[in-house]
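Chemist:
Number of protein chains: 4
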Amino acid sequence: MIPVAVVGASGYAARELMGILARHPYADLVMATSRADESTRVDSLHPSLNRIVDLACEPFDADKLAEKARFAFLGLPHAASLAVVPKLRERGVRVIDLSADYRLKDAAVYADWYAHTHDDPAGLAEAVYGLPEIYRDQIPTANLIANPGCYTSTSILSLAPLVAEDLIDRRSVIIDAKSGVSGAGRSPKLNTHFPECNESFSAYGVGRHRHTPEIDQILTDVGRMTGDPVEVLFTPHLVPMDRGILATIYATPKRDVTERELMELFRNFYEDCPFVRVIDGLPATKDSAFTNFFDMTVRVVRGRILIVACLDNLLKGAAGVAVQNFNLMNGLDETLGLI
Amino acid sequence: MIPVAVVGASGYAARELMGILARHPYADLVMATSRADESTRVDSLHPSLNRIVDLACEPFDADKLAEKARFAFLGLPHAASLAVVPKLRERGVRVIDLSADYRLKDAAVYADWYAHTHDDPAGLAEAVYGLPEIYRDQIPTANLIANPGCYTSTSILSLAPLVAEDLIDRRSVIIDAKSGVSGAGRSPKLNTHFPECNESFSAYGVGRHRHTPEIDQILTDVGRMTGDPVEVLFTPHLVPMDRGILATIYATPKRDVTERELMELFRNFYEDCPFVRVIDGLPATKDSAFTNFFDMTVRVVRGRILIVACLDNLLKGAAGVAVQNFNLMNGLDETLGLI
Amino acid sequence: MIPVAVVGASGYAARELMGILARHPYADLVMATSRADESTRVDSLHPSLNRIVDLACEPFDADKLAEKARFAFLGLPHAASLAVVPKLRERGVRVIDLSADYRLKDAAVYADWYAHTHDDPAGLAEAVYGLPEIYRDQIPTANLIANPGCYTSTSILSLAPLVAEDLIDRRSVIIDAKSGVSGAGRSPKLNTHFPECNESFSAYGVGRHRHTPEIDQILTDVGRMTGDPVEVLFTPHLVPMDRGILATIYATPKRDVTERELMELFRNFYEDCPFVRVIDGLPATKDSAFTNFFDMTVRVVRGRILIVACLDNLLKGAAGVAVQNFNLMNGLDETLGLI
Amino acid sequence: MIPVAVVGASGYAARELMGILARHPYADLVMATSRADESTRVDSLHPSLNRIVDLACEPFDADKLAEKARFAFLGLPHAASLAVVPKLRERGVRVIDLSADYRLKDAAVYADWYAHTHDDPAGLAEAVYGLPEIYRDQIPTANLIANPGCYTSTSILSLAPLVAEDLIDRRSVIIDAKSGVSGAGRSPKLNTHFPECNESFSAYGVGRHRHTPEIDQILTDVGRMTGDPVEVLFTPHLVPMDRGILATIYATPKRDVTERELMELFRNFYEDCPFVRVIDGLPATKDSAFTNFFDMTVRVVRGRILIVACLDNLLKGAAGVAVQNFNLMNGLDETLGLI
């Protein structure tokens, strides 16, 4: 058994993570930390984990954690991970960070979008972007995983094959994304107060959502052999439902394409990916909710490529992919604990 | 036109109220006050009122209000009304208070359930409980209306005819009530955070909800000629929907009764009440939502009386009945602005 | 009072319509017809209309209708209106048809998208497209109104000023639209069964939704003075909520534009339109739900124009605009019964 | 591996069942039958099972089933199981029937409530009621399990300890139950059409829901040593959510009781039951949704006992308890595949 700790246990992704880890055949969840709720039991924070996780939260202590655990999953808010990661790294703990702190390779871009100076350039240089379908070869030996954002994974997995094959105009991409409310986190705010967002649909953060540079960066990396940077127009929306993200993505092809060849391209590209389901019909978030699957299909409409893709923002978009990374980092079957 | 003010304009009941008043043929909404959002426009607090209410909020000032308005509707939190009502009353403003501050006739009971000393016994003595179907004769001349609670109106209107006719055992009443989330107000809290209460159903405040003594008091008053105090067992629940309260009410009859005679009793009792619909089928909250109607039916099952009743908690349960009271206080048709 | 009839009373738009007409100061709802539910009361079909509409349904009979009513609102399914409109027209009844049967000016396009031959070319030639913000001058004298589709109104009102000013590339338009479930009508189907569509978000009819040619036709007409046909890429989605449509619309400008000038353009274009609210913030469907308002804003992001717009699909998208047309056809204030 | 078949694969309980069985360490799902959808793939009926269940449906054939499988789970409608069970039983297949056909021991009561003659008295006599917490000793050797109803399990587990200890007046019990919409099955009907039941709460089947005699029968059996039959007043309601049942149950105690002693009674009674969580706080359906747990608590209010209990209607209320029974019938750990 591999002893693991969850740092920042009070949020939704942490809840999902602890549920998966508690049932994982090789993980042993030995510690959960929480600033807000020190010494309260995990199943008091998350009643659904009653009889699943039998732990009380403790304050974060790097020494104590390193003594007990070999892996740490961080469920901290952005910027907070920066204060924790170096301490864990220097004590030899392998880290899977669910925050955005190590995702953007360029510290200046990070500072720009997160309004916070990045003071761990060494960590940043070493961090591997934890999207197994793209960086499968780098994850096994990584000691610091920057676990991807939920919108980001949805977008990248939808576009990577097209960019890798240089099939689309890289400035033409429009990502119209829709997320369930759990994506906004667990802190009550007016816009996520039930009578405000229930029975309502709205766009938010138009033109300035923080997942934009993350999508640009990874897709540009995917297409680095063949051309220009990718620059997407990304619009997030809030859907009155708990979980799930669906993205409708539009791109202009560089040459005439058919649906058949695109479907084949996607199926080949993801042939060895147990969690990618390229389907004939149109996906619905409900079918991938509570799973680690990414569902997608592709169409050609009036000369443009249209992709519809979805995943569970808390699982394939956060806690599930984190465990997928954990499995790969331990040379285990990628799907353990996740199917 | 009758100039009116809304004090405490940021909540849901106030929003509904201002929407109704803006369209009311005889009311002229001249002022809205708000502590939290002074000088912001009403339609910035409540975007749905854009082009409906053209006012900016101002801080509460009793002199200014009395200068401008003859009526004040108070949408303040409990206890806050106590500080405002006497000031308005002494300046001759007629008040319709949507808080609970003037509902419980016994100041000790108030102190007990609201953890706050009642320091306006004169107001308390003078206040009329604003449930028109029960206190129709006292409302027209009242200068201070204690507007009823939403659970309370649902419960009282369901039971009043049975108590008035002394048909039921007054200690046998069980009120199993279910409310949409807007009933919890507009301040974001964890239990009304969308991902917490959506797709969930739960009881709360079991045995200690503040509407209990209010129901007891009014039903005891209704049955004062014929017997003992009424003492109900009241259990509220939270339903993942915006608006609407439905109560399923059980009572043991004192003698054999039939559904037919009970239906007739209710229809007669509410014959002159334009907002009470005694229906044959089982009511659903959706059919009274966004209206000022109270819908109900009655059944006899295994020897017990079972009533199913519902209303819109923000309208018939708050802002709608407030305007109904306003109409009666002005000698107007009770339904003005409400149908 | 103007006597009016509703033909096809069982659906949601008809319910909304009858509710509005019952409260309208000059309309007198004298007849409701329904094939499925002949002789049942309107408030049995629609319990929310109890005490609002006091009518029983009757079978459709053109003579009887023409005897009693001067206006007919048709809430029939597509193709069914074709059988009814000529009979009413020849008897001098003015018709507002909520179906799609008279919207597409080219009978071949209609046959193509609706799989039904159009056999009333005279009616088609005479019909006026009932979007008052665009065809305000033609509606007052029209005898047959083709009431617009809900997605269509949302899209056209969002784009008309840009097309009229010839500001955008007419082949660049992407309309990513999201609708509440009432838009799918009242007939139960698996995809609108609660446990299927609740907590789910999905696209449907990709590339082949029937509102596409309607949007193309009207926008092409709006821009007829300045250029090529408009050809949009339209993608509808289903949102787990009752009512409301929100469209996020992307277009490539022909020249550099600023948000400020675009906002001004829209405000000027709709200056005299009481139901268009051009707002600074991002609209949410909830704020226009249960109203006849169309809410919108415009942004410029990474060189493209982005519009976010919404309306209530049953009101401004169906029954509300129908009454707006009725008002104009009678020389009445456009907003009667609607604010 | 134990080869198992699912008969009637198109419903929600069958979907959950196949998902569990596909991941179960000892079950091998070898066959799925469906009348409506013969030869369609299971993952076409249930897209969420894509990559989980790799089977096509076949028509039901008792011989073929008996050849392939040792266990059959029946997900058929009421009455349909009656035609299938004897055929499977005589071929030596052990059956877990999720319908109500073998739950009521008295064929006359069955005929009365289900309007269908029971023509398999032998099966009825042999059938064991599959509620492991109550009939743990009879299940391991049973060859025919009548899997309990969802409302029924919620109610029985809430009341069994009180009845067994003869603590309550057996005619005083009121069960006010609330269910998510998946409890109504997968066939689209008007009352489960999204725009009808969303944002609505209603009671249904007042005084005549078919789970009533089932609750009476089992609780009477539980209390057979100490007294009179149990006769409950049961009222079901529909909650606008997918899954979960919560029951608020009221009973009059025969003597003075305290919350502390009742909590202890429940905890002792269910000490060896891994799926019963007796909790201090008030349960919410969300915390047991997607699990096989039954959550409950007990209170004493104004002299009466009040229980609040919940479970997932599709799991602990149907497919989960079916697998729990399967585990016990095979001498396996009760929790396999379920935690």
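Chains as they are written, first to last, in the numbering used here: chain A, 1 to 339; chain B, 340 to 678; chain C, 679 to 1017; chain D, 1018 to 1356. Even for Gly, the Cβ is constructed at its ideal location relative to N, Cα and C. This structure is a prediction, so every number in the text was calculated from the model and none was measured.
Determine, using beta carbons only, whether A:Phe-290 and A:Leu-311 come nearer to each other than 9 Å.
Modeler: Counted from its first residue, the first sequence places residue 290 of chain A at position 290. Counted from its first residue, the first sequence places residue 311 of chain A at position 311. Not a contact, by the Cβ cut-off of 9 Å.
Chemist: Here's the rule: buried if 16 or more other CB atoms are within 10 angstroms of the residue's CB, otherwise exposed. What is C:Gly-981?
Modeler: Counting from 1 along the third sequence, the entry for residue 981 of chain C is found at position 303. Label assigned to C:Gly-981: exposed.
Chemist: Out of curiosity, what's the CA-to-CA distance linking B:Glu-355 and B:Leu-384?
Modeler: As a working note, residue 355 of chain B is residue 16 in the second sequence. As a working note, residue 384 of chain B is residue 45 in the second sequence. Straight-line Cα distance between these residues: approximately 12 Å.
Chemist: Indicate, with yes or no, if the ligand SAH has a heavy atom lying under 8 Å from the CB of B:Arg-433.
Modeler: The ligand SAH is not part of the structure shown, which contains no ligands of any sort.
Chemist: I want to see whether chain A comes within less than 9 Å of C:Tyr-882, judged by CB atoms only; does it?
Modeler: One-based indexing of the third sequence puts residue 882 of chain C at position 204. Yes, C:Tyr-882 counts as interfacial toward chain A.
Chemist: Alpha helix (DSSP H) containing B:Phe-604: first to last residue?
Modeler: As a position in the second sequence, residue 604 of chain B is number 265, starting the count at 1. In the sequence as displayed, the identity of residue 604 of chain B is Leu instead of Phe. From DSSP, the alpha helix (DSSP H) with B:Leu-604 extends over 598-608.
Chemist: Check distances from the C-beta atoms of the stretch 1280-1308 of chain D to those of chain A and list, in chain order, the residues that come in under 9 Å.
Modeler: Taking 9 Å as the Cβ-Cβ cut-off against chain A, the residues of the stretch 1280-1308 of chain D that qualify are Pro-1291, Phe-1292, Arg-1294, Ile-1296, Gly-1298, Pro-1300, Ala-1301, Lys-1303, Asp-1304, Ser-1305, Ala-1306, Phe-1307 and Thr-1308.
Chemist: Count Cβ pairs between the stretch 71-89 of chain A and the stretch 47-58 of chain A that sit closer than 8 Å; are there 3 or more?
Modeler: Not touching, per the Cβ criterion.
Chemist: Under 9 Å between C-beta atoms, does D:Phe-1310 make it to chain A?
Modeler: Indexing the fourth sequence from 1 puts residue 1310 of chain D at position 293. D:Phe-1310 counts as touching chain A.
Chemist: Run through DSSP, which three-state label would D:Glu-1351 get?
Modeler: Working through the fourth sequence from its first residue, we reach residue 1351 of chain D at position 334. In the structure shown, D:Glu-1351 sits in coil (DSSP, three-state: anything other than H, G, I, E or B).
Chemist: Between D:Ile-1173 and the rest of its own chain, which residues show a CB-CB distance below 8 Å, the 5 nearest in sequence each way excluded?
Modeler: By one-based count along the fourth sequence, residue 1173 of chain D stands at place 156. Excluding residues within five positions, the ones whose Cβ falls inside 8 Å are Leu-1148, Ile-1151, Pro-1165, Ile-1232, Ile-1235, Leu-1236 and Val-1239.
Chemist: Starting from D:Gly-1197, trace the beta strand (DSSP E) in both directions and tell me its first and last residue.
Modeler: Mapped onto the fourth sequence, residue 1197 of chain D falls at position 180. Per DSSP, D:Gly-1197 belongs to the beta strand (DSSP E) from 1191-1197.
Chemist: Would you report the Cα separation of D:Leu-1355 and B:Asp-515, rounded to the nearest angstrom?
Modeler: What you label residue 1355 of chain D is simply residue 338 of the fourth sequence in a count that begins at 1. What you label residue 515 of chain B is simply residue 176 of the second sequence in a count that begins at 1. Each residue's Cα considered, the two are about 33 Å apart.
Chemist: Please return the same chain residues whose Cβ sits closer than 6 Å to the Cβ of A:Ser-34, not counting the five positions on each side in sequence.
Modeler: Within the first sequence, residue 34 of chain A is the residue found at index 34, counting from 1. For A:Ser-34, where only same-chain residues beyond five positions count, the Cβ hits under 6 Å are Ala-9, Ser-10 and Cys-57.
Chemist: Going by C-alpha to C-alpha distance, which of B:Leu-601, B:Asp-458 and B:Tyr-490 sits closest to B:Ala-586?
Modeler: Counted from its first residue, the second sequence places residue 586 of chain B at position 247. It is B:Tyr-490.
Chemist: In the DSSP assignment, the alpha helix (DSSP H) including A:Ala-36 goes from what residue to what residue?
Modeler: Along the first sequence, read from residue 1 onward, the residue named residue 36 of chain A stands at position 36. Run containing A:Ala-36: none; DSSP gives neither H nor E here.
Chemist: Any beta carbon of chain B sitting closer than 9 Å to that of D:Tyr-1029?
Modeler: Position 12 of the fourth sequence, counting from 1, holds the residue named residue 1029 of chain D. By this cut-off, D:Tyr-1029 is not an interface position.
Chemist: Helix, strand or coil: which one does DSSP assign to A:His-211?
Modeler: Sequence index remark: in the first sequence, residue 211 of chain A carries index 211 (1-based). A:His-211 falls in the helix class under three-state DSSP.
Chemist: At 4 residues or longer, what runs of the alpha helix (DSSP H) sit wholly inside the stretch 95-145 of chain A?
Modeler: As far as the stretch 95-145 of chain A is concerned, its whole alpha helix (DSSP H) runs of at least 4 residues are 107-114, 121-126 and 132-135.
Chemist: Evaluate the contact criterion for the stretch 868-883 of chain C versus the stretch 1191-1205 of chain D: three or more CB pairs, one atom per stretch, below 8 Å.
Modeler: They touch, by the three-pair rule.
Chemist: Apart from the five residues on each side of it in sequence, which residues of its chain come closer than 7 Å, Cβ to Cβ, to D:Asn-1330?
Modeler: Within the fourth sequence, numbered from 1, the residue matching residue 1330 of chain D stands at position 313. Here the set comprises Cys-1167, Ser-1196, Gly-1197, Ser-1199, Gly-1200, Arg-1260, Gly-1261 and Ile-1262.
Chemist: Compile a chain-ordered list of the residues in the stretch 1029-1063 of chain D whose CB is closer than 9 Å to at least one CB of chain C.
Modeler: Listed in sequence order: Tyr-1029.
Chemist: Indicate the three-state DSSP secondary structure (helix, strand or coil) for D:Ile-1037 in the structure shown.
Modeler: Against the fourth sequence, residue 1037 of chain D aligns to sequence position 20. Of the three classes helix, strand and coil, the one that applies to D:Ile-1037 here is helix, per DSSP.
Chemist: Compute the distance between the beta-carbons of D:Leu-1115 and D:Ala-1301, then report whether it is under 9 Å.
Modeler: The residue labelled residue 1115 of chain D in the question sits at position 98 within the fourth sequence. The residue labelled residue 1301 of chain D in the question sits at position 284 within the fourth sequence. No, these two residues do not count as a Cβ contact at 9 Å.
Chemist: Name the two residues that bound the continuous beta strand (DSSP E) containing B:Cys-649.
Modeler: As a working mapping, residue 649 of chain B is identified with position 310 in the second sequence. Note, B:Cys-649: beta strand (DSSP E), 643-650.
Chemist: Report the residue from B:Thr-551, B:Arg-390, B:Ser-511 and B:Phe-540 whose alpha carbon sits nearest the alpha carbon of B:Ile-644.
Modeler: Position 305 of the second sequence, counted from the first residue, corresponds to residue 644 of chain B. Checked all of B:Thr-551, B:Arg-390, B:Ser-511 and B:Phe-540; the closest Cα to B:Ile-644 is B:Ser-511.
Chemist: Count the other CB atoms within 10 Å of the CB of D:Thr-1252; is the residue buried (16 or more) or exposed (fewer)?
Modeler: For the purposes of this step, residue 1252 of chain D is taken as the residue at position 235 of the fourth sequence. The residue is buried, with at least 16 neighbouring Cβ atoms inside 10 Å.
Chemist: For a cutoff of 9 Å on Cβ pairs, would you count A:Tyr-151 as touching chain C?
Modeler: Within the first sequence, residue 151 of chain A is the residue found at index 151, counting from 1. It does not; no Cβ of chain C falls within 9 Å.
Chemist: Determine the direct distance from the alpha carbon of C:Val-685 to that of C:Gly-753, and round the result to whole angstroms.
Modeler: Position 75 of the third sequence holds residue 753 of chain C. Position 7 of the third sequence holds residue 685 of chain C. If I take the Cα positions, the gap works out to 6 Å.
Chemist: Can you find a CB in chain C that lies within less than 9 Å of the CB of A:His-237?
Modeler: Taking the first residue of the first sequence as position 1, residue 237 of chain A is located at position 237. Yes - at least one Cβ of chain C is within 9 Å of the one on A:His-237.
Chemist: Is there a C-beta anywhere in chain C that falls below 9 Å from the one on A:Tyr-163?
Modeler: What you label residue 163 of chain A is simply residue 163 of the first sequence in a count that begins at 1. Inspection of the sequence shows that residue 163 of chain A is occupied by Val rather than by Tyr. A:Val-163 does not count as touching chain C.
Chemist: At the 9 Å Cβ level, is C:Asp-847 part of the contact set with chain A, yes or no?
Modeler: For this step, residue 847 of chain C is matched to residue 169 along the third sequence. It does not: the Cβ of C:Asp-847 has no partner Cβ on chain A nearer than 9 Å.
Chemist: If I measure Cβ to Cβ from D:Asp-1136 and keep anything under 7 Å in the same chain, skipping five residues before and after, which residues do I get?
Modeler: Reading the fourth sequence from its first residue, position 119 is the one you call residue 1136 of chain D. Answer for D:Asp-1136: Leu-1099, listed in chain order.
Chemist: Helix, strand or coil for D:Glu-1213, going by three-state DSSP, please let me know.
Modeler: Working through the fourth sequence from its first residue, we reach residue 1213 of chain D at position 196. Reduced to three states, the DSSP call for D:Glu-1213 is helix.
Chemist: Who pairs with C:Met-974 in a beta bridge, going by DSSP?
Modeler: Locating residue 974 of chain C in the third sequence gives position 296, where the first residue counts as 1. DSSP output for C:Met-974 lists C:Val-956 and C:Ala-987 as bridge partner(s).
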